[in-house]
Amino acid sequence: MRIGIHTGSRDVDQIAKECREAGVNEVFLGAGAIPEMDRDKLKKFKDDLMERDIILSGIIMPVPSKDAVLGNNEAEVERLCEVLRAIGEAGVGTVLFYPLDSFILFKEDRPSKPILDVKIGDEEWDKIIRFFKRVASVADEVNLKIANHVWAVDLLREIWNTVGSPNIGVTYCQGMFIIGEDPQTAVERLGVDRIFFCHARNLIRHGVGFPGHEEVPLDEGDVSIAQCVKSLAKIGYDGLIIPEHLGNGGMAEAVTYLKSLLNS
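The working numbering puts the first residue of the sequence shown at 18, with every later residue one more than the last.
In structure tokens:
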């Protein structure tokens, strides 16, 4: 396993500085850092980082609207596909994608457990599958891994089984704890072939829903990051893991903690 950081900076020297301070040499870059996000500009940005010994490992995509996912905003979907194509053609291998964030809700009868406002087989399900098939067609064309940040394990498995593309996978994130998924057992349920990227995140549950979860440093909280890392190692995951949402903790300390787990 390798450790990296997220950044939204547009300045390659600033990114290199952030990496040196954190003790890593890989980044996932926010798409907004390259305003027009075309292939040539992204490739130059990637090459400029490489000259500073920093690897651009992935791009963080903007969250698509619910209308786009349901096929009601063709212009947005077309632009999304253009950006994905440019990323793949520039030689960046992975995107972090939040396709269903706009579908998360809380129900009054289950206030402590947010769920996705979509169910397998409901009338909107086919529209969601069509969206994923369209995204997958671009990913397959340019050999780009789509690391979907979707916490509902069974839902995501149904999506990639239905779509049938090897490039539709997952960002494994312990934030799934918020919706009642077990972060440790989810590793084997997702499988090493579909985990394209990982987050490291810890939380304390003290109330209802998202506001009832406090972000804390990785070595605190209700999730055993050590056990999650062991589970990833057990299935043979050798990709990138990035700390996030660290509460009052620092990035350098989080990286040091992950390095200690990987070396134990």
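Ideal Cβ placement from N, Cα and C applies to all residues, glycine included.
Where the alpha helix (DSSP H) through A269 begins and ends: From DSSP, the alpha helix (DSSP H) with A269 extends over 268 to 279.
S26: first and last residue of the uninterrupted alpha helix (DSSP H) it sits in: Element bounds for S26: n/a, residue is neither H nor E.
Where R206 falls, given that 16 or more other Cβ within 10 Å makes a residue buried: By the neighbour-count criterion, in which 16 or more other beta carbons inside 10 Å mark a residue as buried, R206 falls on the exposed side.
6 Å Cβ shell around W177 - same chain, five flanking residues per side excluded: In its chain, beyond the 5 residues on either side, I185 have a beta carbon closer than 6 Å to the beta carbon of W177.
I32 in three-state terms, based on DSSP: Here I32 sits in helix by DSSP.
Cβ separation of I258 and I22, assumed to be a contact under 8 Å, to the nearest whole Å: About 11 Å separates the beta carbon of I258 from that of I22, a gap too long to meet the 8 Å contact definition.
Under 7 Å between C-beta atoms of I20 and S26: Cβ distance not < 7 Å, so I20 and S26 don't count as in contact.
L279 to E91 span [Cα, whole Å]: Distance from the CA of L279 to the CA of E91, rounded to the nearest whole angstrom, comes to 44 Å.
Helix, strand or coil at E261 [DSSP, three-state]: Reduced to three states, the DSSP call for E261 is coil.
Distance CB(P116)-CB(N165) smaller than 7 Å: Annotated as proximal: P116 and N165, with beta-carbon spacing under 7 Å.
Any non-hydrogen atom of the ligand HEM closer than 6 Å to R174 Cβ: Inclusion of the ligand HEM in the displayed structure is not the case, the ligand content being empty and no account of it being possible.
Check whether S74 and E43 have beta carbons under 7 Å apart: In this structure, the beta-carbon distance from S74 to E43 falls below 7 Å.
Q191 beta carbon less than 7 Å from that of Q244: Note that the C-beta distance between Q244 and Q191 is not below 7 Å.
Three-state class that DSSP yields for L117 in the structure shown: Residue state, collapsed to three classes: coil.
C-beta atoms of K150 and G88 nearer than 7 Å: No, the pair does not count as a contact, with Cβ atoms beyond the cut-off.
Same chain only: Cβ atoms within 7 Å of K63, ignoring 5 sequence neighbours per side: Cβ within range, chain order: L73, A107, G108, V109.
Residue closest to P96, alpha-carbon to alpha-carbon, out of I71, G138, E53: Position check: residue 96 holds Arg in this sequence, whereas Pro was assumed. E53 is the residue among I71, G138, E53 whose C-alpha sits nearest the C-alpha of R96.
Same chain, Cβ closer than 6 Å to I137, five either side skipped, listed in chain order: The answer, listed in chain order, is E175.
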